[in-house]
Structures are given as structure tokens and as C-alpha cells.
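A.B. asks: Chains as they are written, first to last, in this note's numbering: chain A, 5 to 267; chain B, 1270 to 1530.
Cβ coordinates follow ideal geometry from the N, Cα and C atoms, glycine included.
As the structure is a computational prediction, the values presented were derived from the model and not from experiment.
Right, I'll just put the structure down here and ask away after.
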Amino acid sequence: MSKRLLNLLLPAATGVLFIAVWYAVRFSLSEDMQFLLPSPGEIIGAFRTNGADLAHAALNTAEGALLGFVGAIAISSLLALALSVSSLVRVSLYPYLMMLQMIPVIIFAPILILWVGPGLKSVVVITFLICFFPLVVNTTQGLVSTDRNIVELFRMYRATRPQEIFLLRAPAALPYFFTGLRIAATLAPIGALVGDYTAGSSAGDGGGLGFQAIIYSSQAKYPALFATAAVTCVLGFVFVAVVVGLSWLALHQWHDSYERTDN
Amino acid sequence: MFRAPMAATPLVDLHDLTKRYGEGSVVLDRINLAAAPGDFISLIGPSGCGKSTLLRLIAGLSPLTGGSLLIDGRTPEEAAAELAFVFQEPTLLPWLTAAQNVGVPLKLRGVPADQRLATCARVLELVRLADRAHAHPRQLSGGQKMRVSIARALSLSPKLLLLDEPFGALDEMTREHLNEELLAIREAQAWTAFFVTHSVAEAVFLSSRILVMSANPGRVHTEIAVPFAYPRTAATRLSREYHDLVTEVSRLLRSVETADT
């Protein structure tokens, strides 16, 4: 059997086994407890009845996640550039960047709502805060990790500072940047969800998946709650898939991490 | 001072060149040397004799502590356009193709793309890599990467080529081939070379002059003139005189090294 086929069959088999165990557990529960674990069928049913709401909420969350994510990429790249230029700037800002990462979003959310207003704006800011740190740390690391000999070579050829940054340091930092991007891509939908859960409730029509989750749990619509979780998973997969694709486009021709090992 | 009218003015002129790191030990102690255009000078000696440091000083990568250093009558900074450096590692940019790597110095100097392309093609031809122009560094062998690195150094038609153990990491066969190629290129493009190496055979094969250096502090111990006429080929290595000279320089180098310990 070819390796490729095996790579498809094995995860599929795991999935089937998982669903079988799921059904087994569900039907071994006594009838009055079965609501605790809806069956996959019931969850698909929940998609049918709540599909429009879920799709609407998913779009809102995706919008917040995307805006926060892109904003974090832009600002973190600029900050990383500033940090890479001077070790003094690095030393003076690093502790506060750490602190930014430590901010507990749940506690901060009520104030944030007062500052920027509920709904999308708060969701974007919270996503931004969650994505920012891994991006800025990795990109900065990349920008300062350029091969010293090549930097000397550039200096010897009298490269200007912008030439050194854009022709040498920035491309050399790409693998690090994409490492940060992958981490941030997994965080962005979660960040948007948490943001929505804490700050989306008073947004009315602009509520996202977090807000839907609050409604479904208050109405004891557990299958719909599971469906909400599934939608969030899909959203996360889309983010990661896009980043993995971009990373492949940027790096596969030259970076060792994409080296084919079969030749 | 009287100078013979026909004598070429030195391309590189070192006078009492001294290098110290901070208040610490003296790395290079009063080096005097004049390199005429067309010289191929090898620097050989025990580790710590400062041969790589000397190369870096000439390249302007590191400031001198004392004495003077003139290239073509100017400081290394002013003469930057005349010199090129080849590191021990190929130091290629992995995201660029071989041709693009060769074009980096031209690009930094603002040469337009079409001229750059023409020069890159010509120089890659010179190092016999025209067919690999569009390969990325990871697709090239160690010897091929080094060829690209040399091609990049030659792209600006330098007067002075500084090579810091460029073939040190390559196997014997590849090294000998590249030695021959380097001399063949030199026939076509008359540059002057400073070449740091650990290999006596390589130094004798390539050089017109060999400077044997001693360590602590770094000094020029002996200079040896290599009498074999250029162009030299693989056949040069088979001659009796070549072997005798390799033996002589090896013996000298060993005496310098044992004196040091």
C-alpha cells in the first residue's frame, strides 16, 4: 500500500472509530442524561435549524478575527523593524511587550467596551492583542538573526540601510515571520471568539460565534452549542490553511524546511 | 627617494601595520608589505597568526590600530569599489538563484537590471556555471556554491580579490579543480589576490609570493617567491620543483609552529 494512501486511510479510520465510541457512550447513558452528549446526527440537525444564525455569526467572527490578525501583522512587523534596528530599543521595550501578552483579556474586556464600543471594534482589539506577541517576537528574532558574514558582505559593498533591511534582513526573517504567523493564525479565531463572548453581547446584529454560544447555552440548546464549536474549528482550520499556503509560496523554493527528502 | 621608473606603484601598501584588540594582545605587529598589480599573495601560518585579520583590515572590515594601509593610494573605505571579498563560507542568499546572487553587488550599486543580467551571465560562464544560473543555493554542491561566491566577487571587476580560505571546506579533488579554474580566470581578468589558506600545496600552486606568518604576535616570518611561470595547470603539480617547494614551505611552516608552542 502506498504511503500516501496510508496517510489518508489512517486518519479516516481514527475518525470512524471516534464517532463509533461517541455513539456508544451516548446510547449507554440513561435516557434523561442523554442531553449531555448530543449525537453527531443531532448536531448535524442543529446545523439545519440554526444554519442561518450560525453562518451570520461565523461571518461576524471571521471579520473580527481577520481584521485583528491583519492589524497585528502590520503593526508587529513595523515594531519588529524598530526593535531590530537598535538593541537599546529592544531592551527598553521587551518587558512591556511581555506585559501586553500577560493582560488577561477577560478582565480587560469591560473597560475595552467602554473605550472602543462593543461588538466588532472590541473583538478586533482583543484579537489583535492575542496575535501580537508571537508575531513581534518571531519577526524580531528573524530580523536580528541574519548571517553575520552576509551582513559584512553587504556593508563591504556599501549597502545602504534600507537596502540591508529590504534585500537582506527582511527576506532572511521570512521563515521566522511565518512561524509567528502560524501561531497567530491558530490564536486569531480563538481571540475573536473570546472577544465576542466578552464584548459582543451588546452588539445586537453584530454578534458572533461567542455571542451565539451564550444564547445557545442559556436556552439549553446543546446540539447547537456543539455546532458552534464545530464552526469555530472550521474557521481555525481556514486561517491555518491560508497561512500554511502562503508560507509554502514564500519559502518552498529555497528554505530547508521544504527540502524534499526523497531525492 | 629614488624609484626605478618602470617599477609599478604598489596596489596594496602596508607600512608598520599594527592591530590590537582593545588593550589586549597584539594580533598583528608592524607588518610591511607592498603588493604589485598582478601579484598572487598567499598568507599561511599557524592559527592565531592574524592572517585572516590582515585580510579583514585590507578589506576595511576592521580598523587598524597603528601604521598605514593604502590601496591604490587610498584608504580601504575610499577604495571599496576596487576590492572584493570571498569568505570561507559561500555566504549566498538562499532565497535568490545563482544568477541573482551573483548580481547582488551590482544591485547594491544601482546597476540597472538588463546590464546586471548580462554581467551575471558572463561571470557565471567564467566559473562554468552558466547551466545552473536559475538554481537556488540548496540545489548546488559545495563546490558549485563556492563558484557562485567567486563569480559574485568578480561581478564588479575588482582590482583586488581577497579570499579567506575559500576552498577550506571542500574535498581535495574539488579544491584542486577550483584552484586551476581560479588561475584560468586570472589569466582572463588581471586582478591581484590575497589568499588565506591552511594548505601549503594550494599556496604553492596558486601564488607568486607566499608569506609565512608566525603567531603571538602576528608577524611576517618569511617571504617565499614562487618561481613557476603562469599559466599553471594540473601538470604543474607533477613537476619535481613543485614538490620540492611544497616540502620546503611545509618544513618552514612546521618550524614556525613548533617555535610558537
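Thinking C-beta only, is A/T150 closer than 7 angstroms to A/R173?
C.D. replies: For A/R173 and A/T150, yes; Cβs fall inside 7 angstroms.
A.B. asks: For B/S1337, which residues from the same chain have a beta carbon less than 8 angstroms from its beta carbon, with the 5 sequence-adjacent residues on both sides left out?
C.D. replies: Within the same chain, B/S1337 has close Cβ partners D1282, L1283, H1284, D1285, L1286.
A.B. asks: Please list, in chain order, the chain A residues whose beta carbon lies closer than 7 angstroms to that of B/E1358.
C.D. replies: Within chain A, the residues near B/E1358 are N153.
A.B. asks: Going along the chain, which residues of its own chain have a beta-carbon closer than 6 angstroms to the beta-carbon of A/G214, five neighbours each way excluded?
C.D. replies: Same-chain partners within the cutoff: L197, D200, Y201, G204.
A.B. asks: Assign A/I107 to one of three DSSP states: helix, strand, or coil.
C.D. replies: In this structure, A/I107 counts as coil in the three-state DSSP scheme.
A.B. asks: With H, G and I counted as helix, E and B as strand and the rest as coil, what does DSSP make of B/A1305?
C.D. replies: It is coil, neither helix nor strand.
A.B. asks: For the segment 1386-1418 of chain B, which residues have a beta carbon sitting closer than 8 angstroms to at least one beta carbon of chain A?
C.D. replies: Residues passing the 8 angstroms Cβ filter: H1405, P1406, R1407.
A.B. asks: Please list, in chain order, the residues of the segment 1340-1358 of chain B that have any C-beta partner in chain A closer than 7 angstroms.
C.D. replies: Cβ contacts with chain A: A1349, F1354, F1356, E1358.
A.B. asks: Check whether the Cβ atoms of A/L72 and A/T131 sit closer than 7 angstroms, and answer yes or no.
C.D. replies: It is Gly, not Leu, that sits at residue 72 of chain A in the sequence shown. Yes.
A.B. asks: Alpha carbon to alpha carbon, how far is B/E1449 from B/R1407? Give it in angstroms, no decimals.
C.D. replies: B/R1407 and B/E1449: Cα-Cα distance of roughly 25 angstroms.
A.B. asks: Between B/A1390, B/T1278, B/N1301, B/L1352, which has its C-alpha nearest B/T1342's C-alpha?
C.D. replies: Sequence check: residue 1342 of chain B is Gly here, not Thr. With distances taken between Cα atoms, B/G1342 lies closest to B/T1278.
A.B. asks: Is B/A1273 close to chain A? Criterion is C-beta to C-beta, closer than 7 angstroms.
C.D. replies: Any reading at B/A1273 needs caution, since the residue's pLDDT is 46, under 50, leaving its predicted position unreliable; the model's value is listed next. So, not an interface residue.
A.B. asks: Since I believe A/P42 is in contact with A/Y226 (beta carbons under 8 angstroms), could you give me their beta-carbon distance rounded to a whole number of angstroms?
C.D. replies: With a Cβ gap of about 5 angstroms, A/Y226 and A/P42 count as contacting.
A.B. asks: Which residues of chain B have a Cβ atom closer than 8 angstroms to the Cβ of A/A163, listed in chain order?
C.D. replies: Ordered by position in chain B, the residues that pass the 8 angstroms Cβ test against A/A163 are L1377.
A.B. asks: By the three-class DSSP mapping on this structure, what secondary structure does B/E1526 have?
C.D. replies: In the structure shown, B/E1526 sits in a helix (DSSP, three-state: H, G or I).
A.B. asks: Along the chain, where does the beta strand (DSSP E) containing B/V1489 start, and where does it finish?
C.D. replies: Run containing B/V1489: 1488-1494, per the beta strand (DSSP E) assignment.
A.B. asks: Do B/I1300 and B/V1489 have their C-beta atoms within less than 7 angstroms of each other?
C.D. replies: Cβ distance < 7 angstroms, so B/I1300 and B/V1489 count as in contact.
A.B. asks: Going by beta carbon distance, what residues of the same chain come within less than 8 angstroms of B/A1532, once the five residues before and after it are set aside?
C.D. replies: No answer is possible for residue 1532 of chain B: it lies beyond the span of chain B, which begins at 1270 and ends at 1530.
A.B. asks: Name the residue from A/E156, A/A28, A/K125, A/I48 whose alpha carbon lies nearest to the alpha carbon of A/G75.
C.D. replies: With distances taken between Cα atoms, A/G75 lies closest to A/K125.
A.B. asks: Contact between the segment 1451-1466 of chain B and the segment 1412-1432 of chain B: three or more CB pairs below 8 angstroms?
C.D. replies: The segment 1451-1466 of chain B vs the segment 1412-1432 of chain B: in contact.
A.B. asks: Pick helix, strand or coil for B/V1281, following the three-state DSSP scheme.
C.D. replies: B/V1281 falls in the strand class under three-state DSSP.
A.B. asks: What are the boundary residues of the beta strand (DSSP E) that includes B/L1430?
C.D. replies: Counting along the chain, the beta strand (DSSP E) containing B/L1430 begins and ends at 1429-1433.
A.B. asks: I need the boundaries of the beta strand (DSSP E) containing B/S1483, first residue and last residue.
C.D. replies: Segment 1478-1483, the beta strand (DSSP E) holding B/S1483.
A.B. asks: Can you give me, in chain order, the residues of the segment 1322-1336 of chain B that have a beta carbon less than 9 angstroms from any beta carbon in chain A?
C.D. replies: Residues passing the 9 angstroms Cβ filter: R1325, A1328, G1329, L1330.
A.B. asks: Just how far apart, CA to CA, sit B/G1317 and B/F1474?
C.D. replies: Looking at the two C-alpha atoms, the distance is approximately 24 angstroms.
A.B. asks: How about B/S1519 and B/F1309: are their beta carbons less than 7 angstroms apart?
C.D. replies: Going by C-beta atoms, B/S1519 is not nearer than 7 angstroms to B/F1309.
A.B. asks: With 7 angstroms as the threshold, decide whether the Cβ of B/W1364 is near any Cβ in chain A.
C.D. replies: So, interface residue.
A.B. asks: What ranges does the alpha helix (DSSP H) occupy inside the segment 134-178 of chain A, keeping only unbroken runs of at least 4 residues that lie completely in it?
C.D. replies: Counting whole runs of 4 or more residues, the segment 134-178 of chain A contains the alpha helix (DSSP H) stretches 152-160.
A.B. asks: Given that a residue counts as buried once 16 or more other Cβ atoms are within 10 Å of its Cβ, and exposed if not, what is A/I115?
C.D. replies: Counting Cβ neighbours within 10 Å, A/I115 comes out exposed, since fewer than 16 surround it.
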